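Data block below; observations after.
Protein chains: 2
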Amino acid sequence: MVLVRPRNPLNMGAAARAMANFGFQQLSVVAPWAPHWREARSAVGAPELLQCAKETASLAEAVADCTLVVGTGTLTYRKAEQQVVQLPALAPLVARELARGGRIAVVFGPEKHGLTRDDLSYCHALVEIPTDARQPSMNLGQAVAVCLYELSSRAFETAEDFSADNSNSTRLSLEASAAPSGTLDLLSGLIEETMGAAGYSPRSMQAANRHDLRLLVRRLGLNPADSRRVLGLFRRVLWRLKRPPGSQNEPG
Amino acid sequence: MVLVRPRNPLNMGAAARAMANFGFQQLSVVAPWAPHWREARSAVGAPELLQCAKETASLAEAVADCTLVVGTGTLTYRKAEQQVVQLPALAPLVARELARGGRIAVVFGPEKHGLTRDDLSYCHALVEIPTDARQPSMNLGQAVAVCLYELSSRAFETAEDFSADNSNSTRLSLEASAAPSGTLDLLSGLIEETMGAAGYSPRSMQAANRHDLRLLVRRLGLNPADSRRVLGLFRRVLWRLKRPPGSQNEPG
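Order-wise, the sequence lines are chains R and Z. With our numbering applied, the first sequence covers 457 to 708. With our numbering applied, the second sequence covers 457 to 708.
In structure tokens, the structure reads:
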């Protein structure tokens with residue numbers, strides 16, 4: 457589970473407590489606001505969880521090894537740029553990813569405004585908690601509890617079903633897993649560099665392109681082998697663009 | 457929704473916020489600890505809900521007009537004396553009761569220890585949130601959010617299915633509704649009085665009897681007409697016990 461720029465240590469403690477209640481263990485915290493968040497006293501029964509949490513400077517870093525990144529929020533204040541899943545329908549998606557050996561991150565934004573458009577560009581899907589249209593905004597600790605309840609009570613059972621189906625083809629199902637988020641970031645960075653080297657992207661458009669590229673590489677659903685192939689292709693193209701034919705030291 | 461002896465106004469505010477998030481409106485508060493709980497500042501988007509909440513001195517009074525009373529808690533620290541329902545299985549139960557015109561209360565205990573055995577004797581069922589055995593105790597605001605999420609996302613859809621099935625037999629389905637909690641309390645009080653008048657219950661056992669009687673009349677699943685018949689019978693028996701045959705003013 458990932459908390460992005462959380463402000464109130466009470467909410468961080470509440471999130472940790474909900475994780476312990478529903479059997480989740482790995483917490484990442486991105487750029488927390490309060491320096492002493494690890495001592496949040498509301499983490500009843502879960503102080504170790506805060507002590508062992510990973511702190512990173514960016515969301516990209518926090519989810520680098522994840523194959524399915526799910527952002528949380530409401531569509532009341534934004535337009536979705538990726539797949540939208542209603543929370544009661546999330547379990548099968550997560551179960552399939554777990555069964556094929558994937559690693560999942562559920563990402564929660566800061567208290568006031570939730571995840572930004574930029575945060576969400578690192579997510580494969582946006583999960584929406586079905587709240588009342590007149591009062592859609594949930595307390596952070598409560599949103600975490602509801603999502604983890606839904607995942608723990610439904611996703612893991614379903615995951616076991618999927619695993620049972622695949623018991624004779626573990627190697628195949630592992631191979632079918634998605635490429636981790638960090639590899640996708642490498643890829644979109646390389647594509648961006650290639651566009652620059654090819655003179656394709658005017659400087660004024662670069663920020664918008666970066667955002668759209670992040671979303672695009674996540675839509676592709678590349679598996680690890682394919683992502684290696686595409687990375688290799690773009691590395692070669694970039695090398696060629698920077699050194700025109702005839703120059704020295706061509707790679708083998 | 458009913459909060460029994462809540463201690464922390466922050467949790468009461470969080471409960472109210474979750475109610476607003478999931479479209480619930482009627483809050484009852486039994487014997488709250490803090491005098492100024494209606495001003496809890498954590499009730500983002502739900503201050504009216506706290507302002508309009510009903511305050512009662514006892515749980516019996518809070519649920520008197522309800523036909524299905526569901527207590528919440530964990531079985532880790534207690535033995536169940538009534539039907540136990542896992543939260544993901546609660547929706548059909550609630551949906552059926554809504555469809556036949558019943559009125560439902562979901563009851564939450566105080567922060568430290570949850571509902572007592574006495575509180576639970578007013579409940580038809582105990583709903584358990586499936587938490588990790590190593591850390592079963594949830595924060596009050598988070599437990600409320602999880603239960604209301606489950607009910608709002610599943611029970612109301614199912615209730616509409618039930619209602620559609622019964623569209624030609626509304627009168628019948630209303631008649632099939634359960635007797636409200638207050639009527640059951642009248643009945644168990646009358647039975648207790650009758651036992652006393654018949655010299656059946658030694659004084660030392662009366663507290664235990666009262667508790668068991670409350671549970672028993674809830675297990676019977678009496679509908680309103682049947683509960684009137686049984687009340688009539690016990691009133692007559694009690695009258696006879698107090699005035700032996702031959703005395704004056706026999707009722708018609």
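Beta carbons are placed, not taken as given, at the ideal position from N, Cα and C, and that holds for glycine. Since this is a predicted model, take the numbers as computed values, not measurements.
Close beta carbons around residue i, own chain, < 6 angstroms, minus the five adjacent residues each side
i: alanine 470 of chain R; result: Ser498 and Gly597
i: valine 420 of chain Z; result: No information on residue 420 of chain Z is available, as it lies outside the stretch 457 to 708 that chain Z covers here.
i: proline 680 of chain Z; result: Ala635
i: threonine 650 of chain Z; result: Phe690, Val693 and Leu694
i: alanine 502 of chain Z; result: Ala472, Arg473 and Ala476
i: methionine 468 of chain Z; result: Pro462, Trp493 and Ala496
i: glutamate 511 of chain R; result: Val485
i: leucine 466 of chain R; result: Ser498
i: valine 458 of chain R; result: Ser484, Ala518, Ala561 and Val563
i: glycine 570 of chain Z; result: Gly529
i: arginine 675 of chain Z; result: none
Local Cβ density within 10 Å of residue i, reported as buried at 16 or more and exposed below that
i: histidine 492 of chain Z; result: exposed
i: serine 656 of chain R; result: With the sequence shown as reference, residue 656 of chain R is identified as tyrosine, and serine is not the correct amino acid for it. Classification of tyrosine 656 of chain R: exposed, given that the 10 Å Cβ count is below 16.
i: cysteine 579 of chain Z; result: buried
i: valine 540 of chain R; result: exposed
i: aspartate 574 of chain Z; result: exposed
i: glycine 677 of chain R; result: exposed
i: glutamine 591 of chain R; result: buried
i: glutamine 538 of chain Z; result: buried
i: arginine 699 of chain R; result: exposed
i: leucine 531 of chain Z; result: exposed
i: glutamate 495 of chain Z; result: exposed
i: arginine 556 of chain Z; result: buried
i: alanine 518 of chain R; result: buried
Sub-9 angstroms separation of residue i and residue j beta-carbons
i: glycine 529 of chain Z; j: leucine 582 of chain Z; result: yes
i: leucine 607 of chain R; j: alanine 653 of chain R; result: no
i: leucine 515 of chain Z; j: valine 460 of chain Z; result: yes
i: aspartate 682 of chain Z; j: asparagine 477 of chain R; result: no
i: alanine 509 of chain Z; j: leucine 546 of chain Z; result: no
i: asparagine 595 of chain Z; j: arginine 473 of chain R; result: yes
i: glutamate 648 of chain R; j: leucine 669 of chain R; result: yes
i: leucine 505 of chain R; j: glutamine 481 of chain R; result: yes
i: histidine 710 of chain R; j: serine 577 of chain R; result: Because chain R spans 457 through 708 in this model, residue 710 of chain R falls outside it and cannot be assessed.
i: arginine 463 of chain Z; j: lysine 535 of chain Z; result: no
i: glutamine 544 of chain Z; j: arginine 610 of chain R; result: The sequence given here has proline at residue 544 of chain Z, not glutamine. Against a cut-off of 9 angstroms, the Cβ pair of arginine 610 of chain R and proline 544 of chain Z comes out as a contact.
Sequence-distant residues of its chain with Cβ nearer than 7 angstroms to residue i (five each side left out)
i: glycine 638 of chain Z; result: Ala520 and Asp521
i: arginine 691 of chain R; result: Leu646
i: valine 500 of chain Z; result: Arg473
i: glutamine 507 of chain R; result: Arg494
i: glycine 479 of chain Z; result: Ser608
i: glycine 558 of chain Z; result: Thr523, Leu524, Ser633 and Ala634
Residues near residue i by beta carbon distance below 8 angstroms, same chain, minus five either side
i: alanine 513 of chain R; result: Val486 and Ala487
i: glutamine 662 of chain R; result: Glu648 and Gly652
i: proline 586 of chain Z; result: Gln542, Leu543 and Pro544
i: leucine 697 of chain R; result: Thr650, Ala653 and Ala654
The segment 684-692 of chain R contacting the segment 639-646 of chain R, beta-carbon criterion three pairs below 8 angstroms: Under the 8 angstroms Cβ criterion, the segment 684-692 of chain R counts as touching the segment 639-646 of chain R, having at least three qualifying pairs.
Stretch-stretch touch, CB-based, cutoff 8 angstroms, three pairs: the segment 589-604 of chain R with the segment 554-566 of chain R: Contact between the segment 589-604 of chain R and the segment 554-566 of chain R is present: three or more C-beta pairs spanning the two stretches fall below 8 angstroms.
The segment 523-535 of chain R in contact with the segment 479-488 of chain R per 3-pair CB rule at 8 angstroms: No, the segment 523-535 of chain R does not touch the segment 479-488 of chain R.
Contacting positions in the segment 542-554 of chain R - beta carbon closer than 9 angstroms to chain Z: Listed by position along the chain: Gln542, Leu543 and Pro544.
Residues in the segment 460-488 of chain R having any Cβ partner in chain Z nearer than 7 angstroms: Listed by position, the residues of the segment 460-488 of chain R near chain Z (Cβ gap below 7 angstroms) are Ala470, Arg473, Ala474, Ala476, Asn477, Phe478 and Gly479.
Positions along the segment 498-530 of chain Z whose CB lies within less than 8 angstroms of some CB in chain R: Here the close residues are Ser498, Val500, Gly501 and Ala502.
Residues, ordered as in the chain, of the segment 571-591 of chain Z that lie near chain R by beta-carbon distance below 8 angstroms: Identification of residues in the segment 571-591 of chain Z having a C-beta nearer than 8 angstroms to some C-beta of chain R yields Ile585, Pro586, Thr587, Asp588, Arg590 and Gln591, given in sequence order.
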